[in-house]
């Protein structure tokens, strides 16, 4: 996992490779939020293109449903999550829907890195 602050875009960038359990995802989110707090930054790009989620559908559903309770994310944060073009797009977009349905419009799913960056730059 790699986490750094992109000062030119004022975005925290997180890159995860390999296996990613729900607890791994919670840990990386919380580390990113901690760095964001230090840099006064509320925008995050999670590059998950080379990560493989290992959680069950139910675990991932519960995670997205309770996002602000199980992580340090708040309603002020904005997260672009980038998945591989090979990912199951319907399943990934379903996670975004779960979060939105529970009133947490914190993150948006993308399958192109540049699209996620553009969205974060536009989103205040």
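Numbering (my numbering), first residue to last: 244 to 367. All C-beta atoms in this analysis are idealised placements derived from N, C-alpha and C, irrespective of residue type, glycine included.
For residue i, would you say it is in contact with chain D, using Cβ-to-Cβ distances shorter than 8 Å as the test?
i: residue 360; result: The chain labelled as chain D is not found in the depicted structure, where only one protein chain is given.
Nearest to residue i by alpha carbon, out of the options?
i: residue 300; options: 313, 337 and 324; result: 337
i: residue 223; options: 293, 244, 359 and 250; result: Past the edges of the chain, shown from 244 to 367, lies residue 223, and the structure says nothing about it.
i: residue 256; options: 267, 287 and 264; result: 287
i: residue 310; options: 276, 263, 347 and 274; result: 347
i: residue 316; options: 275, 290, 328 and 258; result: 275
Buried or exposed: residue i, going by 16 or more other Cβ atoms within 10 Å of its Cβ?
i: residue 344; result: exposed
i: residue 383; result: The structure shown does not extend to residue 383, since the chain is modelled only from 244 through 367, so no value can be given for it.
i: residue 334; result: exposed
i: residue 358; result: exposed
i: residue 261; result: exposed
Could you spell out the range, first to last residue, of the beta strand (DSSP E) harbouring residue i?
i: residue 355; result: Residue 355 -> no beta strand (DSSP E), and no H or E assigned at all.
i: residue 262; result: 254-263
i: residue 288; result: 286-296
i: residue 245; result: 245-249
Need the endpoints of the alpha helix (DSSP H) that residue i sits in, please.
i: residue 304; result: 300-308
i: residue 332; result: 332-344
Tell me which same chain residues have a C-beta within less than 6 Å of the C-beta of residue i, skipping the five on either side of it?
i: residue 302; result: 265
By Cβ distance below 7 Å, which residues in the same chain neighbour residue i in space, the five residues on each side in sequence not counted?
i: residue 304; result: 341
i: residue 364; result: 252
i: residue 339; result: 350, 351 and 352
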